[in-house]
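Quick notes on the structure that follows.
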C-alpha cells in the first residue's frame, strides 16, 4: 500500500481521514472470514498499550482496537491483555505466559525484549532464550501467533544509544516469527515512524494516532494470514 508523504503534519488529519487508518467497515470486511474467538496479548508497554492522547483520534490502544475489530465478526470474542509497562522478556515468561495459556486463546500476540536492553547486565542470549520459550509455547498451544518489530523512531541520546540493541532484538523476533509461522508486522521502516506527532511526551511510546495506524496494519496482516491459509487449503 502506498501512503502520502509521511512528514505531512498529522494535526490536519483525524482518525476518520488518516490515510493509514482503515475505517471500521473496512476492518470488518478484511476479517469477515476470521475464526478467532479468544484473543490474548502479552508483553511490555507496547502490548499494554501505553501512549498519549491524540486530537481527533479515539483514545484506545492498538490491541484493544484489534479486539474490537474482531468482535464485529465474533461479538462473543474473549480478550485478555496481560501486557505490563517495564516488563522484561524474563518477567513475561515468569508472570504472564501461564496466565495466557490458561486462558486458552486461539490468537496470541507477543511483544517484549526491548526492556531487557535497559539492564546494565543486558544479555542478548538470555533475551533470545526467553523469546524462544514464549514463541514455542504459543505455537505449541495451537494458536495463531502475531508479533511486531519496533519502529526506527528514536529521539534523544538515551534512545539512540539503544538503537543497535533494538536492531538485534528485532532480528530475533523476525527469526522466531519465521521459525514458528507467526504473523509479523515489521514496523522498522514503516512510514509511520516519520510522523512528527508520533511519539508521546516520554519520546518512547506511540501516541494514539500511532496506535490507530498500528491496529489497522495488524488487521491487514491478519487478513493476509487468512488469505494465505485459504490458499493453502485450496
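In the UniProt record's numbering, the protein residues as written are 1 to 234.
Glycine included, every Cβ here is placed at the ideal spot set by N, Cα and C.
Here the structure is a predicted model, which is why all the values come from computation and not from measurement.
Return yes when the Cβ of residue j is within less than 9 Å of the Cβ of residue i, no when it is not.
i           : j           : result
residue 61  : residue 50  : yes
residue 80  : residue 99  : yes
residue 63  : residue 83  : yes
residue 131 : residue 113 : yes
residue 221 : residue 188 : no
residue 175 : residue 186 : no
Please go through the same chain and pick out, in chain order, the residues whose beta-carbon is closer than 7 Å to the beta-carbon of residue i, but skip the five residues on each side of it.
i           : result
residue 110 : 42, 43, 134, 135, 138, 145, 147
residue 12  : none
residue 15  : 21, 56, 57, 58, 212
residue 155 : 199, 203
residue 260 : No statement about residue 260 is possible, as the shown extent of the chain runs from 1 to 234 and does not include it.
Please report how far the alpha carbon of residue i lies from the alpha carbon of residue j, in whole angstroms.
i           : j           : result
residue 40  : residue 102 : 11 Å
residue 65  : residue 121 : 36 Å
residue 231 : residue 201 : 44 Å
residue 86  : residue 45  : 6 Å
residue 192 : residue 149 : 13 Å
residue 8   : residue 94  : Residue confidence is low: residue 8 scores 44 on pLDDT, short of 50, so the model does not pin down where it sits. Its coordinate-derived value is still stated next. Near 43 Å, if we compare the C-alpha coordinates of residue 94 and residue 8.
residue 37  : residue 77  : 4 Å
residue 246 : residue 233 : Residue 246 lies beyond the residue range present for the chain, which begins at 1 and ends at 234; the question has no answer from this structure.
residue 23  : residue 229 : 24 Å
residue 194 : residue 26  : 25 Å
residue 70  : residue 212 : 15 Å
residue 29  : residue 17  : 19 Å
residue 167 : residue 153 : 12 Å
Take residue i and list the residues in its own chain whose beta-carbon comes closer than 8 Å to its own, dropping the five residues that flank it on each side.
i           : result
residue 225 : 144, 183
residue 128 : 172
residue 68  : 60
residue 123 : 116
Whose C-beta lies closer than 6 Å to the C-beta of residue i among residues of the same chain, with five residues either side of it excluded?
i           : result
residue 215 : 62, 65, 66
residue 108 : 40, 138, 143, 145
Worksheet item: Which parts of the region 46 to 124 are runs of the beta strand (DSSP E), unbroken and 3 residues or longer, counting only runs that do not cross its ends?
Response: 78 to 81, 107 to 111
Worksheet item: If you pair each beta-carbon of the region 50 to 59 with each one of the region 199 to 208, do three or more pairs fall below 8 Å?
Response: Verdict: yes, contact present.
Discussion item. Tell me whether the region 158 to 170 and the region 113 to 127 touch, counting them as touching only if at least three CB pairs, one residue from each stretch, are closer than 8 Å.
Written reply: The region 158 to 170 makes contact with the region 113 to 127; the number of CB pairs closer than 8 Å reaches 3 or more.
Worksheet item: Any contact of the region 31 to 39 with the region 180 to 195, i.e. 3+ C-beta pairs under 8 Å?
Response: no
Practice prompt. Quick one: which unbroken alpha helix (DSSP H) runs of 4-plus residues sit fully inside the region 192 to 233? Chain order, please.
Written response: Residue ranges of uninterrupted alpha helix (DSSP H) with 4 or more members, entirely inside the region 192 to 233 and ordered along the chain, are 208 to 233.
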